[in-house]
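Heads up, the thing below is written out as structure tokens.
There are 4 protein chains.
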Amino acid sequence: MSEVLALEHATLIDGTGADPVTDATIVIADGKFTAAGPGDSVEVPADAQIRDVTGAYVIPGLMDANIHLVSARTPDTLLEYEGRYDDLAYEAAELALKYGLTTVFDTWGPAAPLIAARDGINAGKRTGSRFFCAGNIIGLNGPLSQDFFKSGLTFEPATVDRINQIWEVGCGSNLIQLTIDGIGEAVAKYIDDTGVDFIKYAASDHRSEGFLLFSEQAQKRIVDVCHEKGLLVQAHTTSVESLRMEVEAGNDLLQHPDHTGKTPIPDKLMAEIVEKQLPCMTLMATERYMEWMNSTRPDRAKGKQISQQNDKTFIERGARVLCTTDAFAYGQRVKNHAGFRPGILEDVVPDMPTQIGSGHFLWIKAAWEMGLAPMEVLRSSSAYIAQAYGKGDLYGTVTPGKAADLVVLDADPLAAPENYRKIRDVIKDGVVIDRSALGVNRLLADDPGDYAA
Amino acid sequence: MSEVLALEHATLIDGTGADPVTDATIVIADGKFTAAGPGDSVEVPADAQIRDVTGAYVIPGLMDANIHLVSARTPDTLLEYEGRYDDLAYEAAELALKYGLTTVFDTWGPAAPLIAARDGINAGKRTGSRFFCAGNIIGLNGPLSQDFFKSGLTFEPATVDRINQIWEVGCGSNLIQLTIDGIGEAVAKYIDDTGVDFIKYAASDHRSEGFLLFSEQAQKRIVDVCHEKGLLVQAHTTSVESLRMEVEAGNDLLQHPDHTGKTPIPDKLMAEIVEKQLPCMTLMATERYMEWMNSTRPDRAKGKQISQQNDKTFIERGARVLCTTDAFAYGQRVKNHAGFRPGILEDVVPDMPTQIGSGHFLWIKAAWEMGLAPMEVLRSSSAYIAQAYGKGDLYGTVTPGKAADLVVLDADPLAAPENYRKIRDVIKDGVVIDRSALGVNRLLADDPGDYAA
Amino acid sequence: MSEVLALEHATLIDGTGADPVTDATIVIADGKFTAAGPGDSVEVPADAQIRDVTGAYVIPGLMDANIHLVSARTPDTLLEYEGRYDDLAYEAAELALKYGLTTVFDTWGPAAPLIAARDGINAGKRTGSRFFCAGNIIGLNGPLSQDFFKSGLTFEPATVDRINQIWEVGCGSNLIQLTIDGIGEAVAKYIDDTGVDFIKYAASDHRSEGFLLFSEQAQKRIVDVCHEKGLLVQAHTTSVESLRMEVEAGNDLLQHPDHTGKTPIPDKLMAEIVEKQLPCMTLMATERYMEWMNSTRPDRAKGKQISQQNDKTFIERGARVLCTTDAFAYGQRVKNHAGFRPGILEDVVPDMPTQIGSGHFLWIKAAWEMGLAPMEVLRSSSAYIAQAYGKGDLYGTVTPGKAADLVVLDADPLAAPENYRKIRDVIKDGVVIDRSALGVNRLLADDPGDYAA
Amino acid sequence: MSEVLALEHATLIDGTGADPVTDATIVIADGKFTAAGPGDSVEVPADAQIRDVTGAYVIPGLMDANIHLVSARTPDTLLEYEGRYDDLAYEAAELALKYGLTTVFDTWGPAAPLIAARDGINAGKRTGSRFFCAGNIIGLNGPLSQDFFKSGLTFEPATVDRINQIWEVGCGSNLIQLTIDGIGEAVAKYIDDTGVDFIKYAASDHRSEGFLLFSEQAQKRIVDVCHEKGLLVQAHTTSVESLRMEVEAGNDLLQHPDHTGKTPIPDKLMAEIVEKQLPCMTLMATERYMEWMNSTRPDRAKGKQISQQNDKTFIERGARVLCTTDAFAYGQRVKNHAGFRPGILEDVVPDMPTQIGSGHFLWIKAAWEMGLAPMEVLRSSSAYIAQAYGKGDLYGTVTPGKAADLVVLDADPLAAPENYRKIRDVIKDGVVIDRSALGVNRLLADDPGDYAA
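Residue numbers (full-length UniProt numbering), protein chains in the order written: chain A, 1 to 453; chain B, 1 to 453; chain C, 1 to 453; chain D, 1 to 453.
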């Protein structure tokens with residue numbers, strides 16, 4: 001981007017926690033912020049293209065700490081798109097960007113096609129959210145396994161193995177049969193073989209029982225291996241014990257620590273998480289969603305109530321929470337499929353949080369309802385995520401020297417959570433995105449706009 | 001074929017029941033037999049290409065009254081080859097021809113791709129057995145249904161419907177909910193919509209219980225509709241009642257009438273079948289196969305014992321039996337799949353009769369073991385099938401005016417059943433087939449030669 | 001009952017279709033009506049016990065043409081009560097009588113324990129509805145089979161066989177593998193072996209597909225055998241074809257002829273049913289039930305909508321309809337069981353018609369809503385049922401010489417359907433039933449009163 | 001037992017490791033040994049009943065470190081015998097004693113009925129093996145759960161819960177959702193509530209995956225709680241990691257440490273087990289069994305091969321191995337049941353090791369084949385087990401002061417393993433058992449003698 005761009009007369013909320021600056025000017029050059037502040041204090045280069053955004057609010061580009069871009073969640077889709085999973089990632093990344101997410105973190109998917117799409121977007125081949133990815137959840141089998149399907153499959157074994165291997169790359173449930181040394185070697189090899197950006201492993205299982213996959217020593221070994229390779233690491237946990245083990249093992253981020261099954265987080269563990277300001281990727285739900293869940297799915301609601309209780313405690317005690325949706329780009333064919341484990345995707349569910357492109361708005365709404373201060377809501381959806389993933393010097397705030405990612409809103413995001421939806425413009429790497437061109441030719445997904453209400 | 005071909009010094013067994021003619025000459029022109037008889041009585045045109053087959057036996061091209069060319073029997077295969085089912089039919093037809101089958105009758109498959117392959121072979125685009133097809137078994141659902149799979153499927157409903165419709169074309173199990181008029185109209189429409197060569201309907205079900213799909217009056221209506229449309233008709237039966245109903249409804253051929261579940265065919269019904277010389281497409285098994293079945297699958301063996309008992313009675317009483325295998329072109333991926341209903345395909349099964357390309361040799365062996373006279377074995381595998389399907393004037397014997405389909409054997413087929421395997425040459429429509437070029441690039445199937453022992 | 005009982009000052013609606021008689025007197029001696037008519041025309045014996053029922057309405061004892069007294073519908077119950085199924089029948093018969101049903105017809109159950117309970121009640125050992133029973137539905141397997149369970153069972157095969165045999169007594173699905181002679185002999189033996197009162201066979205299956213079990217000739221044979229043995233016969237049908245076959249086979253009663261799956265009854269068949277006044281045991285549902293079904297189970301609702309349409313046509317054309325509920329005595333443990341085929345028993349279902357003791361009130365309500373004249377509603381729930389089952393000379397109207405079965409209501413049953421629920425007294429065989437003593441010590445069932453609202 | 005008994009002219013192998021003593025005399029009084037040694041050195045009381053056992057070999061009563069007396073392994077059995085599980089335990093204990101097992105250790109079963117039977121046998125109400133029991137495997141659900149059944153159950157949820165609770169007593173899979181404190185409290189309560197003799201917990205799961213149930217810290221807590229309560233503790237392990245954790249947690253005994261899934265025990269861990277002489281309850285199989293397994297179940301055989309490899313290493317390095325069978329008293333109804341997890345019980349399996357009454361002979365044969373010295377085989381099947389379970393001062397050797405449990409053999413057990421089967425007499429607590437009276441009226445089990453060949 002050789003052109004210089006200047007936004008003038010904005011109200012700037014830069015994501016650092018600083019007070020909003022009215023009548024602000026933001027200058028962008030070569031894809032980076034070069035200045036941002038009160039209009040009268042910022043010098044605009046003579047050759048700058050001027051964009052008058054009077055009445056608008058400028059915030060950092062939004063982020064999501066946990067999404068899944070390859071939404072190939074039915075056997076049919078997995079077979080139909082075999083060899084083209086990168087296309088699914090591109091589709092999802094487009095839809096994410098359209099709704100203000102300039103950076104997202106993919107915490108489960110097939111490494112090779114994800115990395116192809118990641119690099120394709122970075123190289124400008126396609127337009128979409130910038131993303132970083134973990135590939136498989138270390139210790140889980142691929143999508144055509146009991147970890148993700150409730151019922152038995154009717155496929156040839158060779159088909160199941162072939163598809164699953166695209167995810168597992170040697171780090172599926174076979175790891176639970178190895179020694180600690182064996183586990184460490186497998187994870188190191190996985191990192192080398194795939195080139196992923198960070199690691200997520202399964203401290204407990206993905207079949208909703210709460211079985212553990214790794215001992216405390218094995219978890220420590222995984223964390224050590226990742227750190228030696230220069231990668232941050234997080235764990236999938238679903239019980240108080242697996243959360244405790246994850247924390248003690250030295251994980252850098254906590255993936256849905258609010259999901260502790262039938263037991264709320266004990267005080268001591270909660271205190272440690274707060275004190276260390278460990279990034280908590282919390283799957284908060286809105287009151288409206290919980291009302292529906294409580295009345296129609298009382299059995300499932302129990303675990304979610306514990307989770308919401310944990311979330312409220314996190315906020316009360318000042319834990320570092322991050323906008324986290326577990327979203328993917330789903331559409332009609334996924335919704336009508338009975339076998340996939342995570343479950344309830346019917347159209348009837350209000351405030352369904354797991355659709356890429358609308359889920360983050362619902363997290364913002366939920367955090368707001370739970371009492372997170374408006375400025376913290378904003379930072380939890382931008383700057384804090386960048387910091388947590390070790391990218392704080394590059395992204396997350398409107399600060400000179402950082403990538404020029406921002407969202408221009410028509411209404412004040414500190415006044416009401418729904419104002420985040422009122423997007424006038426999305427700018428990524430200094431480029432004003434043509435949002436109308438995104439998500440036009442869709443493969444699988446509904447338009448997230450449909451889920452925005 | 002403008003060239004004229006003459007085979008000389010053959011022992012000719014022409015399929016009419018006439019005694020073998022030694023030192024015979026067979027003359028072929030324009031794809032048809034023009035002369036056949038003792039060498040000294042046949043005039044060979046001057047421009048004829050002479051083929052000296054001294055020591056060999058010439059018989060009519062072999063036929064199979066019941067095979068399935070689209071062997072797409074696993075969900076994986078069905079999805080992987082969607083849009084290319086004709087390729088599967090071509091593969092199977094190649095393998096059939098390679099082993100002497102110049103004409104086969106496909107009694108279950110997807111009409112549109114089958115007809116595409118049928119016409120492609122007839123037009124000379126690909127080399128393979130000439131075939132005629134019925135498309136779906138009227139009243140059964142497609143391959144992704146309980147009629148063919150034991151367990152539930154893990155597909156999106158839309159996928160299941162889409163695949164099944166390629167078979168059903170409006171004539172699946174929906175018919176059992178209609179009135180007789182409604183059934184008749186659906187069948188008429190099916191014939192018009194598909195262009196199939198003959199019709200097979202399900203008198204009883206394909207889930208091995210013996211439920212009936214159609215009442216006597218409904219069956220009569222189906223038969224009438226077919227006859228009005230000029231098509232011959234047969235029914236799938238699995239019980240003495242469904243067989244009786246099929247006969248009374250006026251079917252032209254009887255599909256596996258030997259399969260009557262737990263009750264052998266009653267005398268009166270047997271007598272009627274024999275007297276009317278109704279073509280009986282019998283799924284005879286060899287003694288070796290039965291020994292294996294009896295010792296390893298005693299439960300399944302019971303029904304097969306009844307079937308064999310029926311077959312022996314057919315032969316004793318002089319019923320018109322036809323070589324019938326129910327074969328398809330299977331390979332490793334099918335054998336390792338648990339879900340498909342018909343069942344036992346493991347490598348361990350001796351004399352497994354359902355592989356295209358070797359199954360007909362096993363039928364011949366079984367019929368021989370049961371006492372069918374050698375000359376009748378030959379005619380049951382050629383001329384009788386052509387007659388039963390209304391093609392007796394075109395195919396089935398080495399008779400001037402008929403299509404020049406024949407097999408040249410190195411040993412006497414009237415001396416031992418295994419001599420049918422000793423194929424020197426296959427000629428179809430007067431063309432000497434390059435057998436070494438058949439089945440070279442295979443998609444799914446094993447080489448039937450592997451099953452020939 | 002040596003005592004003589006006289007009810008005075010009643011409004012009598014005697015079930016013959018005659019106009020109500022105000023200030024009527026009904027005299028009962030030896031369990032039978034000896035007089036009934038205007039108070040001034042009836043002579044009351046001097047020794048009669050007088051019962052002044054001023055303000056009340058006296059109607060014949062109510063009847064249900066299709067119930068199931070042995071409500072052993074979960075595997076647990078079947079095992080827990082093995083050897084004591086008669087106790088379950090007694091429980092259900094008590095609850096039926098408590099709510100006005102003096103005679104019911106059991107159309108599916110285990111013959112031996114049912115007959116034990118039938119005879120026990122008749123002998124005065126226990127108090128309950130008088131009942132007649134068919135035992136098994138000829139052609140269906142027992143309760144631990146796919147005919148009644150959706151999923152596979154986890155039992156030892158010997159257990160499954162042992163339980164199922166209590167129902168089947170040689171007439172399960174094995175019949176579909178027999179010849180017509182074989183079927184006829186099995187049914188004859190069943191009648192001799194069990195001593196049931198009437199026969200019900202499966203013209204179509206009980207797995208909601210609509211497969212046929214018997215050919216037209218086989219059905220005729222079953223009907224003939226029953227008639228030779230002096231028994232009336234009915235068939236279970238679920239499609240227009242099976243209904244047509246049942247009618248043509250000469251059945252005496254039609255079991256749920258309104259259930260014709262996806263196709264309404266064709267005009268010609270409807271006309272025949274009406275003309276012959278064949279008793280139609282219709283499973284009518286109330287508008288309230290249908291509203292719930294339509295909105296929450298749209299897929300299931302389709303078939304039920306066809307059924308309701310058939311019912312309305314029956315009424316419009318003057319067919320002979322009978323109060324029919326398919327009810328059994330269910331309670332909490334049944335409602336929470338996923339495996340049993342018939343389905344939706346949750347507490348949330350309004351106007352659930354299949355609970356013994358309340359289902360008949362809902363049939364009355366439904367028939368009323370559909371336009372059946374009030375007097376016909378009454379006769380369809382009493383006299384017509386007795387006639388249809390060949391018991392018209394013994395039961396069904398308040399007529400001298402018949403069994404003294406009646407219900408005393410506090411409100412006019414011809415004025416509103418809910419008035420049937422306002423029971424003051426139930427009299428059976430001339431005995432005033434102590435309703436408060438019925439259903440006190442319950443085994444499985446909820447109190448039907450709970451379902452009355 | 002007030003009588004005094006003396007065995008004379010025996011060859012005594014007392015289980016201490018001492019050389020056999022020929023022409024030995026053993027004196028028993030009040031159920032205990034009072035003397036044992038060379039005939040010329042032992043004084044026989046004048047009132048002693050003399051038993052001349054010339055030619056026979058006297059060894060300590062045999063023991064099995066892991067059996068399951070309540071063999072209620074099918075849903076049918078569990079329901080049919082509900083309330084009478086103690087009868088099943090009595091049956092199994094009878095059969096065990098009949099074949100020389102004077103003491104056995106029950107490592108999985110329902111605590112309450114087991115304890116009733118344990119106390120009943122100790123009180124002399126019934127004759128059978130003396131036994132000690134653990135009740136449930138802490139952390140696993142009851143027998144009607146996925147831990148023990150492969151497929152879903154068709155029961156009412158209340159039935160499943162009721163049966164499972166008899167096993168779980170608050171210590172099922174609910175524990176994996178608790179904190180370490182919560183787990184410790186639950187185990188302490190379990191011990192207090194049940195009165196079991198020792199504790200077994202699940203370090204890894206019972207669904208053959210190798211999931212962990214408890215973290216290292218949680219395992220330590222469980223061990224500590226047990227030790228505080230005075231109980232020995234062992235863990236169920238199925239992987240190298242769970243075995244390592246078990247050892248580090250301080251377990252007193254190791255339950256099937258040879259079962260480490262796909263990875264043999266690493267050297268370091270093996271060395272530690274050997275050095276500490278931790279009792280290894282090894283499930284050794286004979287060569288004949290392995291041949292069958294390798295040829296017919298190649299997939300399952302893989303894990304068993306690793307297990308056998310571990311066993312051989314144990315023996316080579318001098319680990320302390322114990323006779324362990326995992327046996328229960330099974331019969332025909334169990335063998336024909338598809339759902340139960342552990343699996344292969346068909347009659348065709350040679351040397352099937354899991355039948356109570358014959359399994360221990362097969363362990364002896366297997367250990368012998370693997371090279372365990374004959375004297376060690378004997379001690380592993382008697383004295384070592386008593387020591388490992390903390391009962392060495394009471395049982396396990398023919399030593400004055402200990403309980404007079406012994407087996408009189410007709411052939412030398414140090415000469416050939418099959419000689420253990422040649423039982424002349426079994427004496428328990430000084431009483432000569434009438435073996436012909438044991439197992440006469442059987443409930444479920446086959447006679448183990450049938451499996452002895």
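A virtual CB, placed ideally from N, CA and C, is assigned to each residue, including glycine.
message = Just to confirm the assignment, what range does the alpha helix (DSSP H) spanning D/G184 have?
response = In the fourth sequence, the residue the question calls residue 184 of chain D occupies position 184. D/G184 -> alpha helix (DSSP H) spans 180 to 194.
task = Determine the direct distance from the alpha carbon of C/I423 to that of C/E94, and round the result to whole angstroms.
result = Residue mapping note: residue 94 of chain C aligns to position 94 of the third sequence, counting from 1. Residue mapping note: residue 423 of chain C aligns to position 423 of the third sequence, counting from 1. Approximately 15 Å between the Cα atoms of the pair.
key: Through-space distance from B/D40 to B/R105, alpha-carbon basis   = In the second sequence, residue 105 of chain B corresponds to position 105, counting from 1. In the second sequence, residue 40 of chain B corresponds to position 40, counting from 1. Before going on, a small fix: residue 105 of chain B reads as Phe here, not Arg. Cα to Cα, B/F105 sits roughly 37 Å from B/D40.
message = Taking 8 Å as the threshold (C-beta atoms), are A/F198 and A/Y389 in contact?
response = Here residue 389 of chain A corresponds to residue number 389 of the first sequence, with the count starting at 1. Here residue 198 of chain A corresponds to residue number 198 of the first sequence, with the count starting at 1. Contact check for A/Y389 against A/F198 passes: the beta carbons are separated by less than 8 Å.
query = Using the beta-carbon count (16 or more within 10 Å), is B/K200 buried or exposed?
reply = For the purposes of this step, residue 200 of chain B is identified with residue 200 of the second sequence, where counting begins at 1. When all chains shown are included, B/K200 counts as buried.
task = Spatial neighbours of D/M245 within its chain, please: CB distance less than 7 Å, with the 5 preceding and 5 following residues excluded, ordered by chain position.
result = If you number the fourth sequence from 1, residue 245 of chain D lands on position 245. The residues A203, E216, Q219, in chain order, have a CB closer than 7 Å to that of D/M245 in the same chain once the five nearest residues on each side in sequence are set aside.
ask   = Do C/T286 and C/H256 come within 8 Å of each other at the CB atom, strictly closer than that value?
value = Within the third sequence, the letter at position 256 stands for residue 256 of chain C. Within the third sequence, the letter at position 286 stands for residue 286 of chain C. No, they are not a contact pair.
request  = Output yes if chain A places a C-beta closer than 8 Å to the C-beta of B/R333; else output no.
outcome  = In the second sequence, counting from the first residue as 1, residue 333 of chain B sits at position 333. With 8 Å as the cut-off, B/R333 counts as an interface residue toward chain A.
key: Euclidean distance between Cα positions of D/M1 and D/N122   = Counting from 1 along the fourth sequence, the entry for residue 1 of chain D is found at position 1. Counting from 1 along the fourth sequence, the entry for residue 122 of chain D is found at position 122. Confidence in D/M1 is poor, its pLDDT being 44 and thus under 50, which makes the residue's placement unreliable; the coordinate value appears in the next sentence. Their backbone Cα atoms lie some 14 Å apart in a straight line.
ask   = Based on Cα-Cα distance, which residue from A/D446, A/P448, A/V431, A/L443 lies nearest to A/T127?
value = The residue given as residue 127 of chain A occupies position 127 in the first sequence. Cα-wise, what sits closest to A/T127 is A/V431.
inquiry  = Measuring straight from C-alpha to C-alpha, what distance separates D/L254 and D/D311?
reply    = Start at 1 with the first residue of the fourth sequence, and residue 254 of chain D comes out as number 254. Start at 1 with the first residue of the fourth sequence, and residue 311 of chain D comes out as number 311. In a straight line, the C-alpha of D/L254 is about 13 Å away from that of D/D311.
ask   = For C/V398, which of helix, strand or coil comes out of DSSP?
value = Residue mapping note: residue 398 of chain C aligns to position 398 of the third sequence, counting from 1. If DSSP states are grouped into helix, strand and coil, C/V398 belongs with coil.
request  = Grab me the residues of D/G359's own chain with a C-beta within less than 6 Å of its C-beta, minus the 5 sequence neighbours each way, in chain order.
outcome  = As a working mapping, residue 359 of chain D is identified with position 359 in the fourth sequence. Hits under 6 Å: T325, A327, P353.
C/D405 to C/R435 span [Cα, whole Å] = Taking the first residue of the third sequence as 1, we reach residue 405 of chain C at position 405. Taking the first residue of the third sequence as 1, we reach residue 435 of chain C at position 435. Going by the C-alpha atoms only, they are around 14 Å apart.
request  = Find the nearest neighbour of residue 495 of chain A within the set A/A72, A/C171, A/V4, judged by alpha-carbon distance.
outcome  = Nothing can be reported for residue 495 of chain A, as the shown portion of chain A is limited to 1 through 453.
8 Å Cβ cutoff met for D/A10 and D/V53 = In the fourth sequence, residue 10 of chain D corresponds to position 10, counting from 1. In the fourth sequence, residue 53 of chain D corresponds to position 53, counting from 1. Yes, the Cβ-Cβ distance between D/A10 and D/V53 is below 8 Å.
query = Per DSSP, B/Q355 is paired with what?
reply = Walking along the second sequence from the start, residue 355 of chain B turns up at place 355. Paired residue(s): B/F328.
query = Between A/D446, A/F131, A/T103, A/T102, which lies nearest to A/L114 when the distance is taken from Cα to Cα?
reply = Here residue 114 of chain A is taken as the residue at index 114 of the first sequence, counted from 1. Taking only the C-alpha atoms, the option nearest A/L114 is A/F131.
message = Within 8 Å of any Cβ in chain E, is that where the Cβ of C/E272 sits?
response = The chain inventory of the structure shown lacks chain E, comprising the protein chains A, B, C and D.
task = Leaving aside the five residues before and after C/A319 along the sequence, list all residues of the same chain whose C-beta is less than 7 Å from its C-beta, in chain order.
result = Numbered from its first residue, the third sequence carries residue 319 of chain C at position 319. Same-chain partners within the cutoff: I273, V274, C280.
request  = Identify every residue that forms a DSSP beta bridge with A/P157.
outcome  = Position 157 of the first sequence, counted from the first residue, corresponds to residue 157 of chain A. Under DSSP, A/P157 takes part in no beta bridge, so it has no partner.
query = What distance in whole Å lies between the Cβ atoms of D/R379 and D/G15, which are believed to be in contact at a cut-off of 8 Å?
reply = Counting from 1 along the fourth sequence, the entry for residue 15 of chain D is found at position 15. Counting from 1 along the fourth sequence, the entry for residue 379 of chain D is found at position 379. The C-beta separation of D/G15 from D/R379 comes to about 6 Å, placing the pair in contact by the 8 Å criterion.
request  = Mind reading off the beta-carbon distance from A/L322 to A/Y384? Whole number of angstroms is fine, and I expect it under 8 Å.
outcome  = Walking along the first sequence from the start, residue 322 of chain A turns up at place 322. Walking along the first sequence from the start, residue 384 of chain A turns up at place 384. Sure, about 6 Å apart at Cβ, within 8 Å.
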